[in-house]
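S.K.: Sharing a structure with you now.
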Amino acid sequence: MDMQAFAVAMAEALDGTWTVEPGYHGHRDRVLIGPDGEDVHVCYSDWEKAPRLRLSASLPAELATIRHRHGNPAPLHEITVSPAKTPETVAAETARRLLPGYRATLAETRELKQRLDDQAAARDRLAHAIADPLGATVQPPGLSPLGCDPQEAIVRYQGPLAGTATVPRNCKHVAFAFSVASDDAAKVAAFLATFPHTDHPTKSEPKRKPTDQEMPHFTRDQVSRAVNDGADLVIDEVATRDRDDDLINLVVNAALTRLDNPTADLDQVITECYDTEPSEVRSWWSDWS
4 MDMQAFAVAM
14 AEALDGTWTV
24 EPGYHGHRDR
34 VLIGPDGEDV
44 HVCYSDWEKA
54 PRLRLSASLP
64 AELATIRHRH
74 GNPAPLHEIT
84 VSPAKTPETV
94 AAETARRLLP
104 GYRATLAETR
114 ELKQRLDDQA
124 AARDRLAHAI
134 ADPLGATVQP
144 PGLSPLGCDP
154 QEAIVRYQGP
164 LAGTATVPRN
174 CKHVAFAFSV
184 ASDDAAKVAA
194 FLATFPHTDH
204 PTKSEPKRKP
214 TDQEMPHFTR
224 DQVSRAVNDG
234 ADLVIDEVAT
244 RDRDDDLINL
254 VVNAALTRLD
264 NPTADLDQVI
274 TECYDTEPSE
284 VRSWWSDWS
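Numbering-wise (this note's numbering), the sequence shown opens with residue 4 and increments by one.
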């Protein structure tokens, strides 16, 4: 199978400008880079029960690291198709079954990165606001030995009150640690006493039943992702044949079409989702026993 020619034809069939880059397994695979930074790996494998094309979409390295370090690993976005299908058909399945969920993950991760960047900027502004009146220096965050993201800025100051102020990324509570001469200790204590006490327990609100507006709602992309992931799970775990896989994909298409049009019949599903007549698609299973 000429993966370079196949990948180029797929790139031309996908919406937007896609480029083809070398893969990781020589002639067996290629990587498609999309107009918004999408990264789709196309790999031909013939060491399983039957040859398959495996398409997997992954986050760019920086965004994947952010998801991993902040305890929110990215979901797996992967489908398999028959290598006998044309590049145009595989591109259409990729656009329908793989890209919607993957692009949602990509957008969520970029939003997460922006929130973290905004928090870091606010933390640094607060650290300098604390440092300036004290004539102190700000030690910017550095990577921990375990490679975690920088979290805290440290303000180091000298003088009658020598110590540090630790500013976390979320800026919620700044931790001061200082030492003072015994002659000034009472003055410092009196000064600290002027601040309002915050250790009084607050009354918890009674539990209430969530309203309809507060009940979980799912977007079409989330539903599409769940249905397609379920189909891929069955295809990957059960010894299916190409005709089995096509039937599972027909069920997926029918479910998503009914999501938009609850009264759609099978012919309408096939007309909307396939580049062939309903009678031909029905014939794929006419002699199935």
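We treat Cβ as the ideally placed atom computed from N, Cα and C, and that holds for glycine.
No experiment lies behind these values; they were computed from the predicted model shown.
What did DSSP end up calling Y105 once you bin it into helix, strand or coil?
M.R.: Three-state DSSP puts Y105 in a helix.
S.K.: Going by C-alpha to C-alpha distance, which of V255, P265, D248 and Y277 sits closest to S85?
M.R.: Per the Cα distances, D248.
S.K.: Using alpha carbons as the reference points, say which of N264, N231, P265 and T266 lies closest to L250.
M.R.: Among N264, N231, P265 and T266, the Cα nearest to that of L250 belongs to N231.
S.K.: What are the boundary residues of the beta strand (DSSP E) that H44 is part of?
M.R.: D42 to S48 is the extent of the beta strand (DSSP E) around H44.
S.K.: Ends of the alpha helix (DSSP H) at S286?
M.R.: P281 to S286 is the span of the alpha helix (DSSP H), which, as asked, contains S286.
S.K.: Can you give me the start and stop residues for the beta strand (DSSP E) that V170 sits inside?
M.R.: From DSSP, the beta strand (DSSP E) with V170 extends over A165 to V170.
S.K.: Quick test of the definition: if touching needs 3 or more C-beta pairs under 8 Å, does the region 252-267 touch the region 63-75?
M.R.: Output reads no: the region 63-75 does not touch the region 252-267.
S.K.: In angstroms, rounded to a whole number, what distance separates the CA positions of M13 and T222?
M.R.: Going by the C-alpha atoms only, they are around 28 Å apart.
S.K.: Is it buried or exposed for H80, if we count other Cβ within 10 angstroms and need 16 for buried?
M.R.: Result: buried.
S.K.: Measuring alpha carbon to alpha carbon, tell me which of Y47, G104, V45 and G19 ends up nearest S227.
M.R.: Ranking Y47, G104, V45 and G19 by Cα distance to S227 puts G104 first.
S.K.: Using CA coordinates, which residue listed in V158, A16 and R159 is at the minimum distance from E91?
M.R.: Comparing Cα-Cα distances from E91 to each of V158, A16 and R159, the minimum goes to A16.
S.K.: Can you give me the Cβ contacts of M6 inside the same chain, cut-off strictly under 8 Å, excluding the 5 residues immediately before and after it?
M.R.: These residues qualify, in order along the chain: G26, H30, R31, D32, R33, V45 and Y47.
S.K.: Cα separation between T83 and V237?
M.R.: Straight-line Cα distance between these residues: approximately 11 Å.
S.K.: Hey, is A107's beta-carbon within less than 8 Å of any beta-carbon in chain C?
M.R.: Checking the listed chains, one finds no chain C in this structure; it contains a single protein chain.
S.K.: Would you mind stating whether L66 and V43 have Cβ atoms separated by less than 8 Å?
M.R.: Against a cut-off of 8 Å, the Cβ pair of V43 and L66 comes out as no contact.
S.K.: Using the C-alpha atoms, what's the distance from G37 back to T20?
M.R.: For T20 and G37, the distance between alpha carbons rounds to 6 Å.
S.K.: Hey, could you find the ends of the alpha helix (DSSP H) E275 is sitting in?
M.R.: From DSSP, the alpha helix (DSSP H) with E275 extends over L269 to C276.
S.K.: Please identify the residue among D278, V284 and S282 whose C-alpha is closest to the C-alpha of V93.
M.R.: Cα-wise, what sits closest to V93 is D278.
S.K.: Report the rounded CA-to-CA distance for E114 versus P199, giving the unit in angstroms.
M.R.: Their backbone Cα atoms lie some 36 Å apart in a straight line.
S.K.: Within the same chain, show all residues whose beta-carbon is closer than 6 Å to that of D235, passing over the 5 residues directly before and after it, in chain order.
M.R.: So the qualifying residues of the chain are I82.
S.K.: From P63, L137 and F179, pick the residue whose C-alpha is nearest to that of R106; which is it?
M.R.: Selected option, being the one with the closest Cα: P63.
S.K.: Kindly identify the DSSP beta-bridge partner or partners of H80.
M.R.: The partner list for H80 (beta bridge, DSSP) reads A60.
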